[in-house]
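> My questions all concern the structure below.
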Amino acid sequence: MTWQALPLDTRAALRQAVRALAGPVRERLSPGGATARLGATGAHFSATAAGLEGFARPLWGLAPLAAGGAEVDWAPYLRGIEHGSDPAHPEYWGTATANDQRLVEAAALALTLALVPEQVWEPLPVAARLRLARWLARINEVETPDNNWLFFRVLVNDALHKVGSPLHDPEAERAALRRLDAFYLDDGWYSDGPTRQRDYYVSFALHFYGLVHSRLSEDRDPERARVLRDRAALFARDFAHWFDDDGAALPFGRSLTYRFAQGAFWGALAFAGVEALPWGS
Numbered sequence: 401m402t403w404q405a406l407p408l409d410t411r412a413a414l415r416q417a418v419r420a421l422a423g424p425v426r427e428r429l430s431p432g433g434a435t436a437r438l439g440a441t442g443a444h445f446s447a448t449a450a451g452l453e454g455f456a457r458p459l460w461g462l463a464p465l466a467a468g469g470a471e472v473d474w475a476p477y478l479r480g481i482e483h484g485s486d487p488a489h490p491e492y493w494g495t496a497t498a499n500d501q502r503l504v505e506a507a508a509l510a511l512t513l514a515l516v517p518e519q520v521w522e523p524l525p526v527a528a529r530l531r532l533a534r535w536l537a538r539i540n541e542v543e544t545p546d547n548n549w550l551f552f553r554v555l556v557n558d559a560l561h562k563v564g565s566p567l568h569d570p571e572a573e574r575a576a577l578r579r580l581d582a583f584y585l586d587d588g589w590y591s592d593g594p595t596r597q598r599d600y601y602v603s604f605a606l607h608f609y610g611l612v613h614s615r616l617s618e619d620r621d622p623e624r625a626r627v628l629r630d631r632a633a634l635f636a637r638d639f640a641h642w643f644d645d646d647g648a649a650l651p652f653g654r655s656l657t658y659r660f661a662q663g664a665f666w667g668a669l670a671f672a673g674v675e676a677l678p679w680g681s
C-alpha cells in the first residue's frame, strides 16, 4: 500500500507511511551505501551533496520511528555512514565549506545520533565514530546562512553532547541560539533571518528545530527549553488557521515542493510534550 492510501490516523498507520516513503529511497542507495541518487534533476549544489541529501533525508522519519519502538534495519545506513564519513573512501560525502548543503544534511544525522545512539552510534567501529564526529563538528568551523540554518549547528551539538564527543562545542551552540533569538518577533512568530521571510519555514524549520532542541536539551538548559515551547504554543494559535478542516494547507511561500512538511510542526509539539491546542482538535 502506498503512503497516500493510508488514513494516517493511528500510530501504526504513521509507521507504515514512514516505511512506505523511505523504502524506495533505500533501494536507490549507491554501492557503498553513502548516497542515494533519485534521478537527474537540477540543484544549486554538487551531485555528491545531492547524493548525501538522498541518503540523509529519510533519517528524519526513520530515527523517530526507531525511537518510538519500531524496528528499523540500520545495516545499510551504518555502512553508508562508515563510507560517507571516510575521506579515503570513493563515496566520501566531502568536507563542508561555508553555506554548504552538507550542513543541512548533517542535522538529519545528528537527530539520529541523538534519538537512537544505541542503534546507530554504538554499533559503529571506534574509527568510524571519530570520523563521523569530526565530519559533523565541521559545522562549528564554517559560516552558515544567517537564518534557520543556525539550528543545524545547534542540533549537531545536541548530538555530539549526547554521544559524549569531546567535539561538542557549547559556545558555538549558545552563539547560534542567541542569534536565532534575534529573529523572534512576537506572538510566536519569527522572521527567517534578518529579512521579511515569514512563511512555512517558521513552522517546519524554526519552530520544528526549536522544539526538537527543547526536548534534547531540557536537562542542560531548562529555561531555554521552556521559552522555545512557550513560543511554539503561541504560534500554534495562529498557525491552526492555515489549515482546512480536512488538513489541507494554504499554498504559500517558499519550498512548496515539500508538499506536507508544514505538518511537521504538530508532530514536534507532541515530541516536546506541548499541548498547544487540545489534542484531536
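Using this note's numbering, you'd call the opening residue of the sequence shown number 401 and step up by one each time. Note that beta-carbon positions come from the ideal geometry of N, C-alpha and C, so glycine has one too.
With distance defined between alpha-carbon atoms, name the residue in G647, D646, W642 nearest to G363.
Residue 363 lies beyond the range of the chain shown here (401 to 681); nothing can be said about it.
> Measuring straight from C-alpha to C-alpha, what distance separates T657 and Q404?
If I take the Cα positions, the gap works out to 16 Å.
> Hey, which unbroken runs of the alpha helix (DSSP H) at 4 residues or more fall wholly within the region 450–501?
Counting only runs of 4 or more, we get 459–467, 475–484.
> Output the distance between the C-alpha atoms of L532 and Q501, rounded to the nearest integer angstrom.
In a straight line, the C-alpha of L532 is about 17 Å away from that of Q501.
> Could you tell me the alpha carbon to alpha carbon distance between L567 and A527, rounded to whole angstroms?
In a straight line, the C-alpha of L567 is about 15 Å away from that of A527.
> Once you ignore the five residues that flank R598 on each side, which residues in its own chain have a CB closer than 6 Å to its CB?
The answer, listed in chain order, is S591.
> Look up F635 in the DSSP assignment and say whether it is helix, strand or coil.
Helix.
> Determine the direct distance from the alpha carbon of V602 to that of R428, and round the result to whole angstroms.
Rounded to whole angstroms, R428 to V602 spans 32 Å at the Cα level.
> Which residues does DSSP pair with L429 in a beta bridge?
According to DSSP, which records beta bridges pairwise, L429 is partnered with A436.
> Taking one C-beta from the region 659–676 and one from the region 628–636 each time, how about it: are there three or more such pairs within less than 8 Å?
Short answer: they touch.
> Measuring CA to CA, which of L459, E471, R529 is closest to A412?
Ranking L459, E471, R529 by Cα distance to A412 puts E471 first.
> Rounded C-beta distance between P594 and D546? I'm assuming under 8 Å.
P594 to D546, Cβ: 6 Å. Contact.
> Kindly indicate which residue of E482, A575, R538, P517 has the alpha-carbon position closest to the one of A559.
Selected option, being the one with the closest Cα: P517.
> Buried or exposed for G439, going by 16 or more other Cβ atoms inside 10 Å?
That one is exposed.
> Measuring straight from C-alpha to C-alpha, what distance separates P487 and G433?
Distance between the alpha carbons of P487 and G433 is about 15 Å.
> Indicate the three-state DSSP secondary structure (helix, strand or coil) for F643 in the structure shown.
Correct three-state label for F643: strand.
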